[in-house]
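To start, the structure itself, in structure tokens.
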């Protein structure tokens, strides 16, 4: 198994917005690093296998890096964390990061827009980007500030905690000022064990699941044991299926003989038809069992081949869906644009509330639509998807125009519209019938 070592770091203030142009400020801040040690079968000391940092914009597999990942920097045996300026979000590589913040007031509307975009353009490649509006901000994790810990002049003061530590388990409140911010961004955080609502954090209760490690065996020996167990299970399934297939095949042949007998007598034709239907149903079920057996036999063969000659280890970053990478110098122009956007986006969003509250319903709808397009466009620029975004907008406009044309046609020339629909149905039916005739 794994031994999970969690390191919780307490900061007196999260000043991301006021000092570094981020999205929020709040009193106090807790951030976390987890080192996952793989236990050894020979009873030796557990060895480091993975490390995960709490981070904006990422979850599951993308939170962790393997211990031999070349991008994981270490000071001796200590992993190096580059903390974001003001936000304290952990990064593996020093640099400027673009993160997406999801404002709740317009979350529902934009989620609907994204689902519609996925429906209209299913060929687009989605990589699990966070849902919501995704207003981009810059998180500065350059590694040019004060260093604390191994290899530096400053030391930190570790305090051992667990589920038996009174202040950890008994205090569910916040570690600073509660601003009553309904969206939570300006409220102080809760402690290591609890969320702001008092529920237990996933990272505390289920540290393996938090970093996507429940599915990952600690070492090659565990993976080999899992494959051997699977092969043994497949052997049992194959034995059971062979017996079932033999019985079902004999029963099916008996049913077919009965059906043929019944068809030779006029008074038993109805019974023969029912028996033929039963034959077809049982035959399909038997074919499915044989297909299942074939798949299991192929799976067994593959596992045995792997056990005989183990596959080479996966690349250190094979598990990543979206690698946590900083912007490079060649993207400085885009970074400057995002800094400007970070400065004006929040006032713009707040200013739009005035329009929403005071304007007419038509202006309200137009304002919401304009905001969605504006923020989505900026996100597309930040994510380097501007052309794809423009194509999606054009496709959406074309779809709306098509729907409007169909509605107008139905309202003004309903007979013509019905005739077109019936004609399309007739042509489709004709094509299907011709294909059936060709098969016969």
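Residue numbers (my numbering): -17 to 422. Every residue gets a Cβ at the ideal spot worked out from N, C-alpha and C, and that includes glycine.
Going by beta carbon distance, what residues of the same chain come within less than 8 angstroms of residue i, once the five residues before and after it are set aside?
i: residue 257; result: 237, 240, 241 and 244
i: residue 234; result: 261, 264, 265 and 268
i: residue 178; result: 156, 166, 169, 171 and 172
i: residue 136; result: 128, 129 and 130
Apply the 10 Å Cβ neighbour rule to residue i and answer buried if 16 or more other Cβ atoms are within range, or exposed otherwise.
i: residue 108; result: Confidence in residue 108 is poor, its pLDDT being 44 and thus under 50, which makes the residue's placement too unreliable to answer from.
i: residue 427; result: Residue coverage of the chain in this structure runs from -17 to 422, which leaves residue 427 outside it and unanswerable.
i: residue 68; result: buried
i: residue 249; result: exposed
i: residue -10; result: buried
i: residue 195; result: buried
i: residue 276; result: exposed
i: residue 292; result: exposed
i: residue 247; result: exposed
i: residue 184; result: exposed
i: residue 59; result: exposed
i: residue 72; result: buried
i: residue 259; result: exposed
i: residue 52; result: exposed
i: residue 203; result: exposed
i: residue 174; result: buried
Just to check my reading of the structure: residue i and residue j have Cβ atoms closer than 8 angstroms, yes? What is that Cβ distance to the nearest angstrom?
i: residue 220; j: residue 279; result: 7 angstroms
i: residue 306; j: residue 37; result: 7 angstroms
i: residue 122; j: residue 66; result: 6 angstroms
i: residue 124; j: residue 76; result: 5 angstroms
i: residue -16; j: residue 200; result: 6 angstroms
i: residue 133; j: residue 13; result: Actually they are not in contact, since the Cβ atoms of residue 133 and residue 13 sit about 20 angstroms apart, beyond 8 angstroms.
i: residue 385; j: residue 282; result: The Cβ separation is near 52 angstroms, so there is no contact.
i: residue 138; j: residue 127; result: The pair is not a contact, with the Cβ atoms about 15 angstroms apart (cut-off 8 angstroms).
Which residues bound the alpha helix (DSSP H) around residue i?
i: residue 229; result: 202 to 245
i: residue 435; result: This structure gives no information on residue 435, because the portion of the chain shown stretches from -17 to 422.
i: residue 371; result: 368 to 394
i: residue 189; result: 189 to 192
i: residue 152; result: 148 to 152
Would you kindly report the start and end of the unbroken beta strand (DSSP E) that includes residue i?
i: residue 46; result: 46 to 48
i: residue 425; result: The question about residue 425 has no answer, for the chain in this structure spans -17 to 422.
i: residue 495; result: This structure cannot speak to residue 495, because the chain is shown only from -17 to 422.
i: residue -6; result: -16 to -4
Should residue i be listed as close to the ligand NAP, given that the test is whether its C-beta is under 8 angstroms from any heavy atom?
i: residue 129; result: Only the bare structure without any ligand can be found here, which leaves the ligand NAP out of the picture.
For residue i, which residues in the same chain have their Cβ closer than 6 angstroms to its Cβ, ignoring the five residues on either side in sequence?
i: residue 49; result: 30 and 31
i: residue 312; result: For residue 312, the pLDDT reaches just 45, beneath the cut-off of 50, and the residue's location in the model is therefore unreliable, although a value from the coordinates is still provided. Contacts found: none.
i: residue 191; result: none
Note down, in chain order, each residue of its chain lying with its Cβ closer than 7 angstroms to the Cβ of residue i, except the 5 sequence neighbours on either side.
i: residue 299; result: 51 and 305
Are three or more beta carbon pairs between the region -7 to 12 and the region 139 to 146 nearer than 8 angstroms? no
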